[in-house]
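*Asks:*
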Amino acid sequence: MPKRAIHVGEVDRTFPPYPHAVNAAGLVFLSGIRGGRPGWVPSGFADLPEAGRADGQGFTLADALEGTVTADSWAAHDNLEKVLEAAGTRGDQMLRQHIWQRDKRFFPDYEKVRMAWQKAAPPSSGIGVRRIVGRFGRWIGLDGIAVVPGEDARFGERVVATGHDNRRLPSASFYSQAVSSGPLIFLAGHIPIQTDKPGKPLVRSYDDVPEEGRFLATGRSHPDSRHGPIASQAWYVYDQIRKNLETLGSGLGEVVHASVFLADLRDFGTFHRVHRHFFKADGPSLCVTGFDEVGHRGCLIEIEVTALRAAGGLPRRAAGWSMPAPFAAPAATQAGPVVFFSGMLGLDDAGQLVTSADAVPREARAVVRPLEEGEPVAGLAAQCWMAWKNLAAAAAGLGLPLASLAKTTVYLSEPAGLEIYERVRELFLREALPAFEAVVIHGPGPVVIHGPGPVPEAAVQIEAIGVLD
(Lines of atoms letter the chains of each structure in order from A and count residues from 1; the text may use other names and numbers.)
(Lines give C-alpha, C1' and ligand atoms only; values in the text may rest on other atoms or scores of the structure.)
Protein backbone atom coordinates (compact mmCIF):
# COMPACT_ATOMS: atom_id res chain seq x y z
CA MET A 1 0.00 0.00 0.00
CA PRO A 2 1.70 3.27 -1.09
CA LYS A 3 2.00 6.07 1.41
CA ARG A 4 -0.67 8.75 1.40
CA ALA A 5 -0.26 12.41 2.39
CA ILE A 6 -2.82 13.82 4.83
CA HIS A 7 -3.83 17.47 4.46
CA VAL A 8 -6.19 19.31 6.83
CA GLY A 9 -7.74 22.48 5.45
CA GLU A 10 -8.50 24.24 8.72
CA VAL A 11 -5.08 23.57 10.29
CA ASP A 12 -2.10 25.40 8.85
CA ARG A 13 0.90 23.26 8.07
CA THR A 14 3.71 23.87 10.54
CA PHE A 15 6.36 23.27 7.89
CA PRO A 16 5.18 23.93 4.33
CA PRO A 17 5.52 22.14 1.94
CA TYR A 18 5.32 19.05 4.15
CA PRO A 19 1.92 17.39 4.74
CA HIS A 20 0.22 17.35 8.13
CA ALA A 21 0.76 13.59 8.26
CA VAL A 22 1.54 10.56 6.15
CA ASN A 23 -0.34 7.26 6.21
CA ALA A 24 1.79 4.26 5.28
CA ALA A 25 0.76 0.65 5.97
CA GLY A 26 -2.03 1.90 8.20
CA LEU A 27 0.41 3.79 10.43
CA VAL A 28 -0.01 7.56 10.65
CA PHE A 29 3.20 9.56 10.98
CA LEU A 30 2.50 13.07 12.24
CA SER A 31 4.41 16.17 11.23
CA GLY A 32 5.14 18.70 13.93
CA ILE A 33 1.97 20.21 15.39
CA ARG A 34 1.83 23.60 17.07
CA GLY A 35 -0.74 25.61 19.03
CA GLY A 36 -2.58 27.85 16.62
CA ARG A 37 -4.28 28.11 13.27
CA PRO A 38 -5.64 30.91 11.06
CA GLY A 39 -7.95 33.09 13.10
CA TRP A 40 -7.28 31.25 16.36
CA VAL A 41 -4.04 31.72 18.27
CA PRO A 42 -5.12 31.62 21.93
CA SER A 43 -2.85 33.46 24.34
CA GLY A 44 -4.57 32.86 27.69
CA PHE A 45 -7.37 31.15 29.58
CA ALA A 46 -9.95 33.64 28.31
CA ASP A 47 -9.33 32.55 24.71
CA LEU A 48 -10.13 28.90 25.39
CA PRO A 49 -13.45 27.08 25.45
CA GLU A 50 -14.95 26.59 28.88
CA ALA A 51 -13.31 23.18 29.36
CA GLY A 52 -9.89 24.79 28.94
CA ARG A 53 -10.43 27.51 31.53
CA ALA A 54 -10.82 25.20 34.51
CA ASP A 55 -7.31 25.70 35.87
CA GLY A 56 -7.28 29.50 35.81
CA GLN A 57 -6.69 31.09 39.23
CA GLY A 58 -8.70 34.23 38.56
CA PHE A 59 -5.76 36.58 39.19
CA THR A 60 -4.31 38.52 36.28
CA LEU A 61 -0.59 38.07 36.89
CA ALA A 62 -0.74 34.36 37.75
CA ASP A 63 -3.08 33.65 34.85
CA ALA A 64 -0.93 35.63 32.43
CA LEU A 65 2.01 33.36 33.28
CA GLU A 66 0.32 29.96 33.32
CA GLY A 67 -2.41 30.82 30.85
CA THR A 68 0.03 31.39 28.00
CA VAL A 69 1.44 27.86 28.20
CA THR A 70 -1.98 26.33 28.89
CA ALA A 71 -3.51 28.05 25.86
CA ASP A 72 -0.67 26.95 23.59
CA SER A 73 -0.94 23.38 24.87
CA TRP A 74 -4.72 23.32 24.45
CA ALA A 75 -4.54 24.62 20.89
CA ALA A 76 -1.81 22.12 19.99
CA HIS A 77 -3.95 19.22 21.22
CA ASP A 78 -6.99 20.60 19.42
CA ASN A 79 -4.99 20.65 16.18
CA LEU A 80 -3.64 17.17 16.90
CA GLU A 81 -7.16 15.77 17.15
CA LYS A 82 -8.16 17.42 13.88
CA VAL A 83 -5.20 15.90 12.05
CA LEU A 84 -5.89 12.46 13.51
CA GLU A 85 -9.54 12.69 12.47
CA ALA A 86 -8.56 13.64 8.92
CA ALA A 87 -6.24 10.62 8.87
CA GLY A 88 -9.12 8.32 9.80
CA THR A 89 -8.10 7.66 13.37
CA ARG A 90 -8.37 9.25 16.83
CA GLY A 91 -6.40 10.14 19.94
CA ASP A 92 -6.80 6.77 21.65
CA GLN A 93 -4.90 5.20 18.75
CA MET A 94 -1.70 7.18 19.34
CA LEU A 95 1.30 4.86 19.64
CA ARG A 96 3.97 7.42 20.42
CA GLN A 97 4.04 11.12 21.21
CA HIS A 98 6.86 13.61 21.60
CA ILE A 99 6.29 16.74 23.66
CA TRP A 100 8.86 19.42 22.85
CA GLN A 101 8.89 22.03 25.61
CA ARG A 102 10.48 25.46 25.51
CA ASP A 103 10.60 25.50 29.33
CA LYS A 104 10.00 22.31 31.30
CA ARG A 105 9.14 24.17 34.49
CA PHE A 106 5.69 24.58 32.93
CA PHE A 107 5.27 20.86 32.32
CA PRO A 108 2.59 20.64 35.07
CA ASP A 109 0.48 23.15 33.11
CA TYR A 110 0.87 21.08 29.95
CA GLU A 111 0.06 17.83 31.74
CA LYS A 112 -3.29 19.17 33.00
CA VAL A 113 -4.25 19.94 29.41
CA ARG A 114 -3.13 16.54 28.25
CA MET A 115 -5.20 14.78 30.90
CA ALA A 116 -8.27 16.62 29.59
CA TRP A 117 -7.64 15.48 26.01
CA GLN A 118 -6.06 12.04 26.43
CA LYS A 119 -7.67 9.75 29.00
CA ALA A 120 -5.20 6.96 28.20
CA ALA A 121 -2.19 8.97 27.07
CA PRO A 122 0.23 7.32 24.64
CA PRO A 123 3.84 6.49 25.49
CA SER A 124 5.65 9.81 25.51
CA SER A 125 8.94 11.61 25.83
CA GLY A 126 8.70 15.15 27.21
CA ILE A 127 11.95 17.00 26.70
CA GLY A 128 13.18 20.58 26.75
CA VAL A 129 14.32 22.29 23.56
CA ARG A 130 16.06 25.55 22.78
CA ARG A 131 13.17 26.87 20.72
CA ILE A 132 9.86 25.67 19.25
CA VAL A 133 10.24 26.26 15.51
CA GLY A 134 7.70 26.24 12.71
CA ARG A 135 4.50 28.20 12.11
CA PHE A 136 2.76 29.11 15.41
CA GLY A 137 5.73 27.72 17.37
CA ARG A 138 5.69 29.14 20.91
CA TRP A 139 5.81 26.93 24.03
CA ILE A 140 4.78 23.41 23.05
CA GLY A 141 5.37 21.22 20.01
CA LEU A 142 3.90 17.78 19.39
CA ASP A 143 4.50 14.97 16.95
CA GLY A 144 3.97 11.23 17.00
CA ILE A 145 2.74 8.02 15.42
CA ALA A 146 -0.79 6.59 15.39
CA VAL A 147 -2.54 3.61 13.83
CA VAL A 148 -5.68 3.34 11.73
CA PRO A 149 -7.08 0.08 13.13
CA GLY A 150 -7.75 -2.54 10.49
CA GLU A 151 -6.36 -0.64 7.51
CA ASP A 152 -3.38 -2.99 7.46
CA ALA A 153 -3.96 -6.48 8.86
CA ARG A 154 -0.54 -6.46 10.52
CA PHE A 155 -1.24 -3.43 12.71
CA GLY A 156 -4.43 -3.61 14.71
CA GLU A 157 -6.11 -1.42 17.29
CA ARG A 158 -3.86 0.00 19.98
CA VAL A 159 -3.57 -2.05 23.16
CA VAL A 160 -2.32 -0.39 26.35
CA ALA A 161 0.16 -3.02 27.54
CA THR A 162 1.55 -1.13 30.55
CA GLY A 163 -0.44 1.80 31.90
CA HIS A 164 0.71 4.84 33.84
CA ASP A 165 -0.28 3.25 37.16
CA ASN A 166 1.80 0.09 36.80
CA ARG A 167 2.49 -1.21 40.32
CA ARG A 168 5.99 -2.50 39.62
CA LEU A 169 7.28 0.82 38.38
CA PRO A 170 4.68 3.63 38.13
CA SER A 171 5.07 6.18 35.34
CA ALA A 172 6.81 9.43 36.20
CA SER A 173 3.83 11.38 34.85
CA PHE A 174 0.54 10.76 33.03
CA TYR A 175 1.40 8.48 30.11
CA SER A 176 1.19 4.81 29.19
CA GLN A 177 4.53 3.07 29.60
CA ALA A 178 3.95 0.72 26.69
CA VAL A 179 1.38 0.16 23.97
CA SER A 180 1.25 -2.27 21.08
CA SER A 181 -0.24 -2.48 17.62
CA GLY A 182 0.04 -5.99 16.28
CA PRO A 183 3.66 -7.09 16.74
CA LEU A 184 5.02 -3.56 17.28
CA ILE A 185 5.63 -2.36 20.85
CA PHE A 186 6.18 1.32 21.61
CA LEU A 187 7.71 2.25 24.97
CA ALA A 188 7.62 5.67 26.58
CA GLY A 189 10.83 7.52 27.26
CA HIS A 190 12.31 5.92 30.38
CA ILE A 191 14.23 8.09 32.85
CA PRO A 192 16.43 7.23 35.87
CA ILE A 193 13.79 7.89 38.54
CA GLN A 194 13.04 5.14 41.04
CA THR A 195 9.28 5.62 41.05
CA ASP A 196 8.80 2.41 43.04
CA LYS A 197 10.52 3.89 46.11
CA PRO A 198 9.29 6.50 48.63
CA GLY A 199 10.10 9.99 47.42
CA LYS A 200 10.83 8.64 43.91
CA PRO A 201 14.59 9.31 44.16
CA LEU A 202 16.90 10.02 41.25
CA VAL A 203 19.67 7.56 40.43
CA ARG A 204 22.77 9.62 41.12
CA SER A 205 25.78 7.30 41.27
CA TYR A 206 26.99 3.72 41.29
CA ASP A 207 25.74 3.46 44.87
CA ASP A 208 22.16 3.58 43.56
CA VAL A 209 22.43 0.52 41.30
CA PRO A 210 23.19 -3.13 42.11
CA GLU A 211 26.63 -4.65 41.63
CA GLU A 212 25.82 -5.78 38.09
CA GLY A 213 25.28 -2.12 37.13
CA ARG A 214 28.71 -1.03 38.35
CA PHE A 215 30.82 -2.73 35.69
CA LEU A 216 32.47 0.59 34.75
CA ALA A 217 33.26 1.59 38.34
CA THR A 218 36.94 1.92 39.25
CA GLY A 219 36.59 2.36 43.01
CA ARG A 220 38.42 5.69 42.72
CA SER A 221 36.35 8.74 43.57
CA HIS A 222 37.56 11.10 40.84
CA PRO A 223 36.82 9.00 37.73
CA ASP A 224 33.72 7.48 39.31
CA SER A 225 32.35 10.93 40.09
CA ARG A 226 32.74 11.85 36.42
CA HIS A 227 31.35 8.86 34.58
CA GLY A 228 29.43 7.31 37.47
CA PRO A 229 26.28 9.45 37.17
CA ILE A 230 25.70 8.83 33.45
CA ALA A 231 26.84 5.19 33.62
CA SER A 232 24.53 4.35 36.52
CA GLN A 233 21.59 6.26 35.04
CA ALA A 234 22.01 4.65 31.61
CA TRP A 235 22.29 1.19 33.18
CA TYR A 236 19.20 1.73 35.32
CA VAL A 237 17.13 2.94 32.37
CA TYR A 238 18.11 0.06 30.09
CA ASP A 239 17.49 -2.43 32.90
CA GLN A 240 13.98 -1.05 33.45
CA ILE A 241 13.33 -1.17 29.70
CA ARG A 242 14.47 -4.81 29.75
CA LYS A 243 12.08 -5.67 32.58
CA ASN A 244 9.20 -3.84 30.92
CA LEU A 245 9.72 -5.63 27.61
CA GLU A 246 10.05 -9.06 29.20
CA THR A 247 6.63 -8.70 30.83
CA LEU A 248 5.21 -8.13 27.32
CA GLY A 249 6.65 -11.22 25.66
CA SER A 250 9.59 -9.32 24.20
CA GLY A 251 13.10 -8.39 25.29
CA LEU A 252 16.14 -6.29 24.48
CA GLY A 253 16.95 -8.64 21.62
CA GLU A 254 13.69 -7.57 19.99
CA VAL A 255 14.39 -3.81 20.13
CA VAL A 256 14.52 -2.37 16.61
CA HIS A 257 15.18 1.30 17.39
CA ALA A 258 16.39 3.39 20.30
CA SER A 259 16.21 7.19 20.56
CA VAL A 260 18.51 8.50 23.29
CA PHE A 261 18.26 12.01 24.70
CA LEU A 262 21.31 13.18 26.66
CA ALA A 263 21.60 16.29 28.81
CA ASP A 264 25.32 16.56 27.95
CA LEU A 265 26.67 15.07 24.73
CA ARG A 266 30.10 14.73 26.31
CA ASP A 267 28.56 11.73 28.08
CA PHE A 268 28.15 9.94 24.75
CA GLY A 269 31.28 7.80 25.18
CA THR A 270 30.26 6.46 28.58
CA PHE A 271 26.67 5.96 27.46
CA HIS A 272 27.94 4.03 24.45
CA ARG A 273 29.85 1.61 26.70
CA VAL A 274 26.65 0.92 28.64
CA HIS A 275 24.69 0.55 25.40
CA ARG A 276 27.17 -2.07 24.18
CA HIS A 277 26.87 -3.89 27.51
CA PHE A 278 23.16 -4.46 26.85
CA PHE A 279 23.36 -4.96 23.08
CA LYS A 280 26.23 -7.34 22.33
CA ALA A 281 25.39 -7.86 18.66
CA ASP A 282 22.53 -7.32 16.24
CA GLY A 283 21.44 -4.27 18.21
CA PRO A 284 18.82 -1.74 17.19
CA SER A 285 19.23 1.33 15.05
CA LEU A 286 20.24 4.24 17.25
CA CYS A 287 19.91 8.03 17.36
CA VAL A 288 21.63 10.04 20.13
CA THR A 289 20.97 13.76 20.61
CA GLY A 290 21.68 16.40 23.27
CA PHE A 291 18.60 18.14 24.69
CA ASP A 292 18.38 21.26 26.83
CA GLU A 293 16.30 19.57 29.56
CA VAL A 294 15.82 15.85 30.03
CA GLY A 295 13.25 14.21 32.32
CA HIS A 296 13.19 15.34 35.95
CA ARG A 297 15.72 17.76 37.36
CA GLY A 298 19.02 15.92 37.58
CA CYS A 299 18.25 13.41 34.83
CA LEU A 300 21.13 13.02 32.40
CA ILE A 301 19.41 10.64 30.01
CA GLU A 302 16.06 9.52 28.61
CA ILE A 303 15.66 6.51 26.32
CA GLU A 304 12.66 5.48 24.23
CA VAL A 305 12.59 2.25 22.26
CA THR A 306 10.46 0.48 19.70
CA ALA A 307 10.46 -3.31 19.80
CA LEU A 308 8.80 -6.42 18.41
CA ARG A 309 6.94 -9.19 20.14
CA ALA A 310 9.16 -12.27 20.01
CA ALA A 311 6.40 -14.26 18.33
CA GLY A 312 5.07 -11.34 16.32
CA GLY A 313 5.91 -12.73 12.91
CA LEU A 314 7.51 -9.61 11.40
CA PRO A 315 10.79 -10.46 9.62
CA ARG A 316 13.77 -8.37 10.66
CA ARG A 317 16.96 -7.43 8.87
CA ALA A 318 19.63 -4.77 9.17
CA ALA A 319 21.43 -2.51 6.71
CA GLY A 320 25.14 -1.92 7.15
CA TRP A 321 26.97 1.38 6.91
CA SER A 322 28.62 2.68 3.76
CA MET A 323 31.50 3.86 5.99
CA PRO A 324 33.19 2.64 9.17
CA ALA A 325 30.39 2.24 11.73
CA PRO A 326 30.15 5.48 13.77
CA PHE A 327 28.60 3.65 16.75
CA ALA A 328 27.38 0.20 17.73
CA ALA A 329 24.26 0.05 15.60
CA PRO A 330 23.27 -0.76 12.03
CA ALA A 331 22.52 2.05 9.62
CA ALA A 332 18.90 0.89 9.58
CA THR A 333 16.71 -1.89 10.90
CA GLN A 334 13.77 -3.25 8.95
CA ALA A 335 10.83 -4.75 10.87
CA GLY A 336 8.32 -6.05 8.36
CA PRO A 337 7.40 -3.08 6.17
CA VAL A 338 8.78 -0.47 8.58
CA VAL A 339 12.39 0.72 8.39
CA PHE A 340 13.94 2.56 11.34
CA PHE A 341 17.10 4.51 10.49
CA SER A 342 19.91 5.33 12.85
CA GLY A 343 20.66 9.02 13.20
CA MET A 344 22.34 10.22 10.02
CA LEU A 345 25.23 12.60 10.59
CA GLY A 346 27.42 14.58 8.21
CA LEU A 347 30.16 11.95 8.03
CA ASP A 348 32.40 11.30 5.05
CA ASP A 349 33.33 7.89 3.65
CA ALA A 350 35.98 7.51 6.35
CA GLY A 351 33.44 8.20 9.09
CA GLN A 352 34.82 11.66 9.86
CA LEU A 353 32.64 14.72 10.45
CA VAL A 354 32.90 17.14 7.53
CA THR A 355 33.35 20.83 8.26
CA SER A 356 33.23 22.50 4.84
CA ALA A 357 32.47 22.02 1.16
CA ASP A 358 36.10 21.00 0.65
CA ALA A 359 35.33 17.73 2.46
CA VAL A 360 32.29 16.65 0.43
CA PRO A 361 32.51 14.70 -2.85
CA ARG A 362 33.64 16.80 -5.77
CA GLU A 363 30.25 16.65 -7.51
CA ALA A 364 28.56 18.25 -4.48
CA ARG A 365 30.93 21.16 -3.92
CA ALA A 366 29.33 23.44 -6.49
CA VAL A 367 25.98 23.30 -4.68
CA VAL A 368 27.31 23.26 -1.11
CA ARG A 369 29.71 26.21 -1.37
CA PRO A 370 27.06 28.87 -2.13
CA LEU A 371 25.01 27.67 0.85
CA GLU A 372 27.96 28.16 3.20
CA GLU A 373 27.60 31.93 2.87
CA GLY A 374 24.30 31.88 4.78
CA GLU A 375 24.84 29.05 7.23
CA PRO A 376 24.43 29.99 10.93
CA VAL A 377 26.85 27.26 12.01
CA ALA A 378 30.08 26.52 10.17
CA GLY A 379 29.93 23.24 8.32
CA LEU A 380 26.13 22.95 8.37
CA ALA A 381 25.59 22.84 4.59
CA ALA A 382 28.29 20.23 4.07
CA GLN A 383 26.98 18.12 6.92
CA CYS A 384 23.41 18.31 5.61
CA TRP A 385 24.57 17.05 2.23
CA MET A 386 26.57 14.18 3.70
CA ALA A 387 23.75 13.24 6.10
CA TRP A 388 21.34 12.94 3.18
CA LYS A 389 23.91 10.99 1.17
CA ASN A 390 24.31 8.56 4.06
CA LEU A 391 20.54 8.27 4.49
CA ALA A 392 20.15 7.48 0.79
CA ALA A 393 22.88 4.82 1.00
CA ALA A 394 21.26 3.14 4.02
CA ALA A 395 17.85 3.19 2.33
CA ALA A 396 19.29 1.69 -0.85
CA GLY A 397 20.78 -1.14 1.21
CA LEU A 398 17.23 -2.25 2.04
CA GLY A 399 15.73 -1.49 -1.37
CA LEU A 400 13.85 1.54 -0.05
CA PRO A 401 13.56 4.58 -2.35
CA LEU A 402 13.71 7.94 -0.61
CA ALA A 403 10.16 8.58 -1.82
CA SER A 404 9.08 5.85 0.63
CA LEU A 405 10.26 7.80 3.66
CA ALA A 406 7.25 8.27 5.96
CA LYS A 407 8.79 10.58 8.57
CA THR A 408 11.95 12.63 8.94
CA THR A 409 13.03 14.58 11.99
CA VAL A 410 15.93 16.99 11.70
CA TYR A 411 17.86 18.12 14.76
CA LEU A 412 19.55 21.51 14.46
CA SER A 413 21.35 23.87 16.81
CA GLU A 414 19.98 27.07 15.27
CA PRO A 415 16.52 27.88 13.84
CA ALA A 416 18.10 29.57 10.83
CA GLY A 417 19.70 26.26 9.93
CA LEU A 418 16.35 24.94 8.72
CA GLU A 419 16.56 26.99 5.51
CA ILE A 420 19.96 25.48 4.70
CA TYR A 421 18.68 22.00 5.48
CA GLU A 422 15.69 22.47 3.18
CA ARG A 423 17.87 23.67 0.31
CA VAL A 424 19.92 20.49 0.59
CA ARG A 425 16.90 18.21 1.06
CA GLU A 426 15.48 19.45 -2.25
CA LEU A 427 18.57 18.06 -3.98
CA PHE A 428 17.69 14.56 -2.79
CA LEU A 429 13.89 14.55 -2.44
CA ARG A 430 11.38 16.95 -3.99
CA GLU A 431 8.20 14.91 -4.40
CA ALA A 432 6.25 12.54 -2.15
CA LEU A 433 7.48 14.32 0.95
CA PRO A 434 7.34 12.56 4.31
CA ALA A 435 5.85 13.87 7.52
CA PHE A 436 8.38 16.24 9.07
CA GLU A 437 9.53 17.70 12.37
CA ALA A 438 12.37 20.13 13.14
CA VAL A 439 13.84 20.27 16.64
CA VAL A 440 16.28 22.96 17.78
CA ILE A 441 18.54 21.80 20.61
CA HIS A 442 22.03 22.44 21.91
CA GLY A 443 23.41 19.13 20.64
CA PRO A 444 22.13 17.82 17.29
CA GLY A 445 24.66 14.98 17.40
CA PRO A 446 27.66 13.58 19.27
CA VAL A 447 30.75 15.75 19.62
CA VAL A 448 33.68 14.62 17.47
CA ILE A 449 37.27 15.48 18.41
CA HIS A 450 39.86 15.31 15.63
CA GLY A 451 42.82 16.79 17.46
CA PRO A 452 44.26 20.17 18.52
CA GLY A 453 42.27 23.27 17.74
CA PRO A 454 38.54 23.94 17.73
CA VAL A 455 36.36 20.91 18.40
CA PRO A 456 33.98 20.34 15.48
CA GLU A 457 30.46 19.46 16.53
CA ALA A 458 27.64 17.85 14.65
CA ALA A 459 25.46 20.68 13.34
CA VAL A 460 22.66 18.43 12.07
CA GLN A 461 21.29 14.91 12.46
CA ILE A 462 18.43 13.25 10.58
CA GLU A 463 16.25 10.58 12.18
CA ALA A 464 13.99 8.82 9.69
CA ILE A 465 11.39 6.09 9.31
CA GLY A 466 10.50 4.51 5.98
CA VAL A 467 7.77 2.10 4.94
CA LEU A 468 8.21 -0.38 2.10
CA ASP A 469 5.19 -0.80 -0.18
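Its first residue numbered 304, the sequence shown is counted upward by one per residue in the working numbering.
Cβ atoms here follow ideal geometry from the backbone N, Cα and C, with glycine treated the same way.
Tell whether a beta-carbon distance below 9 Å holds between Pro425 and Arg461.
*Replies:* Against a cut-off of 9 Å, the Cβ pair of Arg461 and Pro425 comes out as a contact.
*Asks:* Within 10 angstroms of the Cβ of Pro749, are there 16 or more other Cβ atoms? Answer buried if so, exposed if not.
*Replies:* Buried is the call here.
*Asks:* My guess is that Ala491 and Ala464 are in contact by the Cβ rule of under 8 Å, so how many angstroms apart are they, rounded?
*Replies:* That pair is no contact at about 11 Å.
*Asks:* Does the distance from the CB of Leu565 to the CB of Gly531 come in under 9 Å?
*Replies:* Cβ distance not < 9 Å, so Leu565 and Gly531 don't count as in contact.
*Asks:* For Tyr509 and Lys503, I'd like the C-alpha separation in whole angstroms.
*Replies:* Roughly 17 Å between the two C-alpha positions.
*Asks:* Terminal residues of the continuous alpha helix (DSSP H) containing Met418?
*Replies:* Counting along the chain, the alpha helix (DSSP H) containing Met418 begins and ends at Phe410 to Trp420.
*Asks:* Mark Leu364 as exposed unless 16 or more other C-beta atoms lie within 10 angstroms of its C-beta, in which case mark it buried.
*Replies:* Label assigned to Leu364: exposed.
*Asks:* Could you check whether Leu505 and Gly601 sit closer than 9 Å to each other, using their CB atoms as the reference points?
*Replies:* Yes, these two residues count as a Cβ contact at 9 Å.
*Asks:* Any idea which residues DSSP pairs Ile402 with across the strands?
*Replies:* BP columns for Ile402 point to Gly429 and Leu445.
*Asks:* Among Ala738, Tyr714 and Gly312, which has the Cα closest to the Cα of Leu705?
*Replies:* It is Ala738 whose Cα lies nearest to the Cα of Leu705.
*Asks:* Determine, using beta carbons only, whether Leu732 and Pro320 come nearer to each other than 9 Å.
*Replies:* No.
*Asks:* With DSSP as the reference, please indicate the residues paired to Lys710 in a beta bridge.
*Replies:* In the DSSP output, where bridge partners are listed per residue, Lys710 has Ala738 and Ile768.
*Asks:* Check whether the segment 396-416 touches the segment 683-696, taking contact to mean three or more Cβ pairs, one atom from each stretch, closer than 8 Å.
*Replies:* At 8 Å Cβ cutoff, the stretches do not touch.
*Asks:* Using 9 Å as the threshold, is the C-beta distance between Gly702 and Ala632 below it?
*Replies:* Not a contact, by the Cβ cut-off of 9 Å.
*Asks:* Relative to the C-alpha of Leu568, which candidate in Gly335, Ile744, Asn382 and Val344 has its C-alpha closest?
*Replies:* Answer by Cα proximity: Ile744.
*Asks:* Suppose contacts are defined by Cβ-Cβ distances below 9 Å. Is Ser707 in contact with Ala635 by that definition?
*Replies:* No; because the gap between Cβ atoms is not below 9 Å, this pair is not in contact.
*Asks:* To the nearest angstrom, how far is it from the Cα of Arg576 to the Cα of Ile494?
*Replies:* Distance between the alpha carbons of Arg576 and Ile494 is about 18 Å.
*Asks:* Tell me which residues share the same chain as Val774 and place their Cβ nearer than 7 Å to its Cβ, disregarding the 5 neighbours each side in the sequence.
*Replies:* Absent from the model: residue 774. The displayed extent of the chain is 304 to 772, so no value can be given.
*Asks:* Given this structure, state the Cα-to-Cα distance separating Cys590 from Ser645, to the nearest angstrom.
*Replies:* Spanning the two alpha carbons is a distance of roughly 5 Å.
*Asks:* Does DSSP put Asn547 in a helix, a strand or coil?
*Replies:* Note: Asn547 maps to helix in three-state DSSP.
*Asks:* As an exercise, report each continuous beta strand (DSSP E) stretch of at least 3 residues that is fully enclosed by the segment 522-585, in chain order.
*Replies:* Counting whole runs of 3 or more residues, the segment 522-585 contains the beta strand (DSSP E) stretches 558-565.
*Asks:* Check Arg392 in the structure and name its three-state DSSP category.
*Replies:* Looking at the sequence provided, one finds Thr at residue 392 rather than Arg. Residue state, collapsed to three classes: coil.
*Asks:* For the segment 387-394 and the segment 348-363, state whether three or more C-beta atom pairs, one from each stretch, are separated by less than 8 Å.
*Replies:* At 8 Å Cβ cutoff, the stretches do not touch.
*Asks:* Mark Phe439 as exposed unless 16 or more other C-beta atoms lie within 10 angstroms of its C-beta, in which case mark it buried.
*Replies:* It is buried - the Cβ of Phe439 has at least 16 other Cβ atoms within 10 Å.
*Asks:* Quick check: is any heavy atom of the ligand PLP less than 8 Å from the C-beta of Phe731?
*Replies:* This structure lacks the ligand PLP, and indeed carries no ligand of any kind.
*Asks:* Measuring CB to CB, does Arg336 end up less than 9 Å from Asp446?
*Replies:* It is Ile, not Arg, that sits at residue 336 in the sequence shown. Yes, these two residues count as a Cβ contact at 9 Å.
*Asks:* Per the contact definition of three or more C-beta pairs closer than 8 Å, is the segment 759-769 in contact with the segment 710-719?
*Replies:* Taking 8 Å as the limit for Cβ pairs, the verdict is that the segment 759-769 does touch the segment 710-719.
*Asks:* On the three-state DSSP scale, how would you describe Ile435?
*Replies:* Ile435 falls in the coil class under three-state DSSP.
*Asks:* Between the alpha carbons of Phe489 and Ala669, how many angstroms are there, rounded?
*Replies:* Distance between the alpha carbons of Phe489 and Ala669 is about 43 Å.
*Asks:* Between which two residues does the alpha helix (DSSP H) containing Val727 stretch?
*Replies:* Counting along the chain, the alpha helix (DSSP H) containing Val727 begins and ends at Gly720 to Phe731.
*Asks:* Which class does His380 belong to by DSSP, given the choice of helix, strand or coil?
*Replies:* Of the three classes helix, strand and coil, the one that applies to His380 here is helix, per DSSP.
*Asks:* By DSSP, does Trp688 sit in helix, in strand, or in coil?
*Replies:* Correct three-state label for Trp688: helix.
*Asks:* Going by beta carbon distance, what residues of the same chain come within less than 7 Å of Ala662, once the five residues before and after it are set aside?
*Replies:* Cβ within range, chain order: Asp651 and Ala685.
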